[in-house]
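One structure is given here, and the rest of the page talks about it.
Protein chains: 2
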Amino acid sequence: MEENKLRGDFTLPGEAGCEELTLRLAQTWGADVIRDSDGTKLSPEITEAGYRIYSTICIIREHNAFAEAHPECQQQTFLSSDPVTAAGPEVRIPLLRGYFDEQFALNDTAEALACWEVWDRTADARIPRESWQYADGEITVSGCTPWHRYTASFLCWRVWEEINMYNHTTNHWTSAHLRQLDPRHPLAWQYLQDWLERWCEDNPQTDVVRLTSLFYNFVWIFGDDARRRTRFTDWASYDFTVSPAALAAFEAETGMRLTAEDFIRKGFLQATHRVPTDAKRAYMDFIQRFVAEKAKVLVDIIHRHGKQAYVFYDDSWVGMEPCGKYFASVGFDGLIKCVFSGFECRLCAMADVPVHELRFHPYLFPVGLGGLPTFSEGGHPERDAMEYWLHVRRALARQCVDRIGLGGYLHLTEGFPAFTQTITRIADEFRRLKQLHSHGAPAVLPLRVAVVHTWGRLRSWTLSGHFHETDSHILIHLNEALAGLPVEVSFISFAEAASGALRKADVLINAGMQGDAWSGGDVWRDPQLQAEVTRFVHEGGLLIGAGEPTAVSGGGETLALSGLFGVDVDKGQYACHMPWAFEVEEAPFAVCRDALAARPGVRVTAPDTHVWAADGGVPQLTCREAGRGRAVYLSGFRWSPAASRMLLELLLCLTGRNGAAASLSSAPEVETAWFPADRTLVAMNNAEREIAADIATPAGPVSLRLQPLEMRICPLG
Amino acid sequence: MEENKLRGDFTLPGEAGCEELTLRLAQTWGADVIRDSDGTKLSPEITEAGYRIYSTICIIREHNAFAEAHPECQQQTFLSSDPVTAAGPEVRIPLLRGYFDEQFALNDTAEALACWEVWDRTADARIPRESWQYADGEITVSGCTPWHRYTASFLCWRVWEEINMYNHTTNHWTSAHLRQLDPRHPLAWQYLQDWLERWCEDNPQTDVVRLTSLFYNFVWIFGDDARRRTRFTDWASYDFTVSPAALAAFEAETGMRLTAEDFIRKGFLQATHRVPTDAKRAYMDFIQRFVAEKAKVLVDIIHRHGKQAYVFYDDSWVGMEPCGKYFASVGFDGLIKCVFSGFECRLCAMADVPVHELRFHPYLFPVGLGGLPTFSEGGHPERDAMEYWLHVRRALARQCVDRIGLGGYLHLTEGFPAFTQTITRIADEFRRLKQLHSHGAPAVLPLRVAVVHTWGRLRSWTLSGHFHETDSHILIHLNEALAGLPVEVSFISFAEAASGALRKADVLINAGMQGDAWSGGDVWRDPQLQAEVTRFVHEGGLLIGAGEPTAVSGGGETLALSGLFGVDVDKGQYACHMPWAFEVEEAPFAVCRDALAARPGVRVTAPDTHVWAADGGVPQLTCREAGRGRAVYLSGFRWSPAASRMLLELLLCLTGRNGAAASLSSAPEVETAWFPADRTLVAMNNAEREIAADIATPAGPVSLRLQPLEMRICPLG
């Protein structure tokens, strides 16, 4: 080991049959841990080479023999048939038509059938049980109203674990289709505990059991047609936790009786992006408690065997909720988050758990999550890695994690030496950042930014999956920008915003579209919430709204607080109402036009609204003073280094904060962090070209010339 | 008079002081009538020159002395103050702040004050009367909740007749501001009858009293700031008919007690473009009855004096409703409609009245309605006239009117000889079309097109004003196209559609946006309506939806009949739901891409939807077969000759109708009409260039070469 070269805190995926490569890359990248992955094994040459060993377990999977012997222990879900139009008094509904038949099998046990429902969707009426019959995969409804549309909601078994199904269909796996067990079934639960006990006994070399992940996959419903292979997918929804037993337990605990329609909701289900029903909120809390209790039992088994339990925060993570009320009670030793983006680092870092580890992308797989080649012909994994690192690095400069690592098939790296070099560089930059953090946190502006949305702290930083899966939502772009800014960020619910949380905030952000969980939907009708945000602004707060902030339904003002913003979004209700004409004024900060959206319908509704950007006569960036504060409207916000910089300048400028602690660079491409304990500046060039920057630091001005993408650590002691 | 040269049926605006010009142009244009205009007088040299004479009367105006002596006889309206945010327990609301003080004066009589209301708009609650006080133009509210927003709704007098106000502010008139009387006030009503009686006695030379128009202006609310001079304007709304007496009479007649909020509706009022409340519908009917009764009394006076009564369908026309239930009962002798467009001809032509007359644009005024110069420096009135004529001509080819004419200041034509020539040409083409119609109607395809919207027959052809005032609405473009197509067109209400009207239709069109009066809003939740349209399609009908047809609120499917269309519009509810991938197929007719809109959110929701046009992956034109019929979706429809042609081809192609009677031209720029009685083809070149066209007529194929904009009449007997 070279002197001054930092090592460790790095998890390498090993691969049996590639022992030499495994140990060489462990050396190259300074790994201290070797892990297996989904689809790979470690050999004794690896496990006995002096590294700590993570072993991956997907606890609910790989038990096909048991699942086949006890099919009633499998997981389930509600599905709705596609609607069928009645041409006469009788209609036949083929239940699974349009669904992927390898994923689902009808659960027509008596217990399940009691939960099935048939609906006249035209009349919005449930059909009485005596008017329909089930046989051979079809429901026959009698007494129909001609030309009405009918659907059936039913339970079915999920007979192919979804991550395995994805890997088969994407990466052309040909092994057996793995089934999945529901820990709520007593037989399954006893089996899983016994199995884990045995597993721990059988795997003495394992230091850390890497749970990948817990019990319930995020929702992923396949169709039977390649033109719509995925019918519905939501990374953060709870639909795959359901079963008659779960419904019975929920009723026993809460007194609330849920029906199929609480899940199906006219076929629309309940995406995390939408405002949830009270039933959904209560059910989620119930599942979180269940998952935490069961997870604790497993973690206790692992601990009893002298091993540690790390949990992977993806795949079958549903109900775990690292920012939820029950997570800490489980007793995990570590949380591992796969990351493309800065917000995912912040999400991982804030969990109440001893060790925070990032698993980088690209995963060592032929094809990436977006479907493009990575470690295969045409792939450029080193470019991908560096692109993600630029996002991650600026977040790590704000708040560090403990470890980093990779996953997948190590042998795939062999044709890609540039990738090996890039990971070496990334690992080095990570370790240098971690070392700085270990001496004390970076400076943060005295600026408390509260982001308000439906889920509040439960869904801090994330929306519902990775950036590229949610990038049509404005808030993910704002989160990504905030992840690297020198400000305090918290995520609060509307109930908290209405009842005191704004007393601890300088800036309130609400970003989303009417009716989505991020804007908040009709919660904004609450007079207390409206009044409290109005007070907050009038007493000096900065309100930032993006897209359709505070938007409600019902045909009055679209933005409940349009009176503060001085703009509104016309959904038709302004027919015949003229907007205020305006001139675009120069903003007191550099406007990143590319970050803003063309949003037809936005109109100025007050004479004292300042318009700082407009497109084709439609306002895009406005500011209105109200009392001692301000309300800023952004038509959109698309993340980029320049957009991020605009947000920082906007925050500094409109709150009157002193920029010194922000270590603002003259070049918007260069972001900085100031570590007071070491009197050290970290300057990160986000551009792919050399950039010269003058930076105002608490130790005085610094002039730097940074190489493309360079991170420079400058002690100014 | 030359032989073979048609003359007459032309109304010329005369002008005292320009007698020579008046009589010369009367000769040039073949006028048989001379009229005065708002702002002009006729002299004896004109009235005694042997022409019939129209005299313009605005019955409620030009009575300033009476209005000043009896201010309680003036017309009124409800207004809402702008909201005021309470910083403490008391808030002061300046009522008329932001309104044009020359238009409004508070009506704070005891009778009016009883109708005033104060609202906490944040809590959506009316403030009890004892909690507010009025003095000196302000309301003071006590017991406020801090940071809530308060508004007051109040009655005020409209002290400047709006058309006069428009002419002053647009055309720089400096004469006295004209006031307007409310015929509902008994004093005013008696005065107006007496005045008309006297007027008829004093004007023996007048053959036709041209009422311009009746009692109540369309709504036009001015603001006090040039940046928003018009706050609200709706050509077809009834708000300017209100008064405490009207509310009392309405309650006496209907038992329904309306409040200020029925008119104010959170400050949004009720534009014709929006779905009306039941209260608004009932109130409109009540006003229509009132207007018809009062108008009949005036018409009877006119008739008693041996004169005819023509009514102008614009300005203070509100409540008259030429397609309404009470119009025929008035006994008008003629209806005069000012026209820019084809749909306005059809509207005029369908009224149940002996004489239908069109008043062409441009009006002989320095500035046009759009604010651009016409008869002044930079104006090209001959181009304007020809542009409007191209729209009007094709509609007149389908359904003729009895007369045409002009209005305004004749002296303004003197610098514009090309305009004089153009009007000569237009008058000639009109008379030739009228002659053809007099021998028998043109051929119509056996194709019955029903347009369904909220107002049904009451608002046949028009939406709410001229084309350029409503051109953001899809339906006006479709109406304009239909106005010149050889198909039967009717306008039906949703109640009629749900209860049998579709039995008499081959095609149903629904075009508008969610929540507007044209799409229909939540009326589409009605299961009977949904089922009936579904039946109509399944049994062979063609459903054409444009924009957001059949769209409802509430978070389920946006298009209530998305199941028929096989497309829907994502308003956020499809988050996490994947659409069907599609290939664009070739349509069975020529698609006019420019007519279609980019409408983000449109998605394919059925596997059997044919996509015939798409933009950036978003469907724009689709067709789905359902039963024996089809449902076609258009993302938009922007009128042009090519768009009109696409609509005709679509209708022919998707209903399987034989195109022969359509006399389809090989050149889409050329439209035709076939007059069977004369076995005559009318071919109209809508292009500004020479066009060669082969036309299939019932008399066999014809090949023509038409000059730019030419109308050719081809007898094929």
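Read top to bottom, the protein sequences are chains A and B.
Each residue of the first sequence is one higher than the one before, starting from 1 at the first, in this note's numbering.
Each residue of the second sequence is one higher than the one before, starting from 1001 at the first, in this note's numbering.
All C-beta atoms, glycine included, are put in the ideal place defined by N, C-alpha and C.
Values in this document were obtained by computation on a predicted structure and should not be read as measured data.
(message) Are the CB atoms of Val-682(A) and Ala-673(A) within a distance shorter than 8 Å?
(response) yes
(message) I'd like to confirm the pairing. Which residues does DSSP put opposite Asn-1685(B) in its beta bridges?
(response) Val-1670(B)
(message) So Trp-1580(B) contacts chain A; which residues on that side make the cut at Cβ distance below 7 Å?
(response) Arg-227 and Arg-228
(request) Could you have a look at Lys-1041(B) and say whether DSSP puts it in helix, strand or coil? (result) Coil at Lys-1041(B), not helix or strand.
(message) Given this structure, state the Cα-to-Cα distance separating Gly-342(A) from Arg-394(A), to the nearest angstrom.
(response) 7 Å
(message) Is there a Cβ of chain B sitting closer than 8 Å to that of Pro-549(A), yes or no?
(response) no
(request) Would you kindly work out how many angstroms separate the C-alpha atoms of Asp-32(A) and Pro-204(A), rounded to a whole number? (result) 18 Å
(request) Evaluate Arg-1179(B) with the Cβ neighbour count: other Cβ atoms within 10 Å of its Cβ, from every protein chain shown; 16 or more gives buried, anything less gives exposed. (result) So Arg-1179(B) counts as buried.
(request) Starting from Trp-1147(B), find everything on chain A with Cβ-Cβ shorter than 8 Å and list it in chain order. (result) Gln-530, Ala-531, Glu-532, Thr-534, Arg-535 and His-538
(request) Could you tell me whether any non-hydrogen atom of the ligand SAM is closer than 7 Å to the CB of Gly-331(A)? (result) This structure lacks the ligand SAM; in fact it carries no ligand of any kind.
(message) Any beta carbon of chain B sitting closer than 8 Å to that of Arg-231(A)?
(response) yes
(message) For His-380(A) and Leu-358(A), what's the separation of their Cα atoms in angstroms?
(response) 21 Å
(request) Taking only runs that begin and end inside the stretch 516-596 of chain A, name each unbroken alpha helix (DSSP H) of 4 or more residues, in chain order. (result) 527-538 and 562-565
(message) Restricting to Cα atoms, I'd like to know which of Lys-1307(B), Leu-1647(B) and Cys-1345(B) is closest to Pro-1322(B).
(response) Cys-1345(B)
(message) Excluding the 5 residues flanking Leu-543(A) on each side, which residues of the same chain have their C-beta closer than 6 Å to its C-beta?
(response) Leu-508, Val-537 and Ala-631
(message) Does chain A have any CB closer than 8 Å to the CB of Ile-1360(B)?
(response) According to the sequence as given, residue 1360(B) is Phe; it is not Ile. Taking 8 Å as the threshold, the shortest C-beta distance from Phe-1360(B) to chain A does not fall below it.
(message) For Arg-383(A) and Phe-419(A), what's the separation of their Cα atoms in angstroms?
(response) Taking the Cα positions, Arg-383(A) is about 8 Å away from Phe-419(A).
(message) Please report the straight-line C-alpha distance between Arg-149(A) and Thr-462(A), rounded to a whole angstrom.
(response) 38 Å
(message) If you follow the beta strand (DSSP E) that Leu-1621(B) is in, where does it begin and where does it stop?
(response) 1618-1626
(request) Since I believe Gly-324(A) is in contact with Gln-288(A) (beta carbons under 8 Å), could you give me their beta-carbon distance rounded to a whole number of angstroms? (result) 5 Å
(message) Could you tell me the alpha carbon to alpha carbon distance between Leu-12(A) and Gly-407(A), rounded to whole angstroms?
(response) 7 Å
(request) Say whether the stretch 1303-1318 of chain B touches the stretch 1424-1436 of chain B, bearing in mind that this needs 3 or more beta-carbon pairs closer than 8 Å, one atom from each stretch. (result) no
(request) Could you have a look at Val-299(A) and say whether DSSP puts it in helix, strand or coil? (result) helix
(request) Look at Phe-375(A) and Leu-412(A) and say whether their C-beta atoms are less than 8 Å apart. (result) Yes; because the gap between Cβ atoms is below 8 Å, this pair is in contact.
(message) To the nearest angstrom, how far is the alpha carbon of Ser-1055(B) from that of Ala-1249(B)?
(response) Approximately 33 Å, taken between the alpha carbons.
(request) Might you give, ordered along the chain, the residues of its own chain that have their beta carbon closer than 8 Å to the beta carbon of Glu-548(A), omitting 5 neighbours on each side? (result) Contacts found: Gly-512, Met-513, Gln-514, Ser-519, Thr-558, Leu-559 and Val-569.
(request) Alpha carbon to alpha carbon, how far is Val-84(A) from Val-91(A)? Give it in angstroms, no decimals. (result) 7 Å
(message) Let me check understanding here. Comparing Cα to Cα, which of Met-578(A), Gly-656(A), Thr-655(A) and Phe-675(A) lies closest to Ala-1271(B)?
(response) The closest CA to that of Ala-1271(B), considering only Met-578(A), Gly-656(A), Thr-655(A) and Phe-675(A), is found on Met-578(A).
(request) Report the residue from His-1453(B), Glu-1117(B) and Ser-1666(B) whose alpha carbon sits nearest the alpha carbon of Tyr-1134(B). (result) Cα-wise, what sits closest to Tyr-1134(B) is Glu-1117(B).
(request) Return the chain-ordered list of same chain residues with a C-beta closer than 7 Å to the C-beta of Phe-332(A), the five sequence neighbours on each side being excluded. (result) Val-299, Ala-309, Tyr-310, Val-311 and Val-353
(request) Could you work out which residues of chain B lie near Ser-553(A), taking near to mean beta carbons separated by less than 9 Å? (result) Within chain B, the residues near Ser-553(A) are Ser-1553, Gly-1554 and Gly-1555.
(request) Assign Thr-1022(B) to one of two classes, buried (16 or more other C-beta atoms within 10 Å of its C-beta) or exposed (fewer than that). (result) buried
(request) Please confirm if Met-513(A) has its CB atom under 8 Å from at least one CB of chain B. (result) Output row for Met-513(A): interface = yes.
(request) Within the stretch 122-210 of chain A, note down every full alpha helix (DSSP H) run reaching 4 residues or more, in order along the chain. (result) Runs of the alpha helix (DSSP H) inside the stretch 122-210 of chain A: 162-171 and 186-202.
(request) Output, in chain order, the set of chain B residues within a Cβ distance shorter than 7 Å of Ala-123(A). (result) Pro-1527
(request) Return the first residue and the last residue of the alpha helix (DSSP H) that Pro-719(A) is part of. (result) Lying outside 1 to 717, the shown extent of chain A, residue 719(A) is not represented and no answer is given.
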